[in-house]
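Colleague: Using full-length UniProt numbering, read the sequence shown as starting at 1 and increasing by one per residue.
This structure is in structure tokens; I'll ask about it shortly.
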Amino acid sequence: MTTRDLIQAYYDAFNAADMPAFLALLSDDIVHDINQGERQTGKAVFAEFMDKMNRCYREQLTDLVIMVSADGRRAAAEFVVNGEYLADDEGLPPAKGQKYVLPAGAFFDVKDGKVARISNYYNLNDWIAQVC
């Protein structure tokens, strides 16, 4: 699988809410840089993060553009998050089913055919303004 195919499969699994397929694309020691948050390491921790995200948000990513370095070791993606805020997320405004549309991006390191690092970025203030 090429790096482009790997990143496409990652987002296809995300949009299908297929967590087993999604997690299978990650290295066991995945490094996850959370937007405006901490760095977490390990597939089990990433799975817990996704459990929370799937409980609090329903999201579909559209307008995906994938960019890959010549050696295939790094990639970036730009996309639009089309979401619904389902349940309160700690430290954020109360959830009432608010819908939002948010441009976002991610950076990836790829190792041995798996996603080894993902760093997600979006404008949190924009998101808060949309859900308040």
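Beta carbons are placed, not taken as given, at the ideal position from N, Cα and C, and that holds for glycine.
1. Mind the definition here: the segment 24-32 touches the segment 113-128 only if three or more C-beta pairs lie below 8 angstroms; say whether that holds.
2. Give me the DSSP bridge partner(s) of P103.
3. Check for me: the beta strand (DSSP E) holding N120 runs from which residue to which?
4. Apart from the five residues on each side of it in sequence, which residues of its chain come closer than 6 angstroms, Cβ to Cβ, to L92?
5. With three or more beta-carbon pairs closer than 8 angstroms as the criterion, would you say the segment 50-60 touches the segment 79-89?
6. Using the Cβ count rule (16 or more neighbours within 10 Å means buried), how would you classify T3?
7. Whole angstroms is fine: what's the gap from L61's alpha carbon to F79's?
8. Can you give me the Cβ contacts of G105 inside the same chain, cut-off strictly under 8 angstroms, excluding the 5 residues immediately before and after it?
9. Please state the DSSP three-state secondary structure of T2.
10. With DSSP as the reference, please indicate the residues paired to I66 in a beta bridge.
11. Starting from the C-beta of G72, find all residues in its chain whose C-beta is less than 6 angstroms away, skip the five residues before and the five after it, and write them out in chain order.
Modeller: Taking the coordinates as given:
1. Enough Cβ pairs lie closer than 8 angstroms, so yes.
2. Beta-bridge pairing links P103 to V80.
3. Looking at the DSSP string, the run of the beta strand (DSSP E) that includes N120 is K114 to Y122.
4. Around L92: no qualifying Cβ.
5. Three or more beta-carbon pairs drawn from the segment 50-60 and the segment 79-89 are found closer than 8 angstroms, and the two stretches are therefore classed as touching.
6. By the beta-carbon neighbour count (other beta carbons within 10 angstroms, threshold 16), T3 is buried.
7. Whole-angstrom Cα-Cα distance: 6 angstroms.
8. Closer than 8 angstroms at the Cβ level, and outside the excluded window around G105, lie A76, A77, E78, F79, N120, Y121 and Y122.
9. It is coil, neither helix nor strand.
10. Answer is A77, bridged to I66.
11. Beyond the five residues adjoining it in sequence on each side, G72 comes within less than 6 angstroms, by CB distance, of T3 in the same chain, given in chain order.
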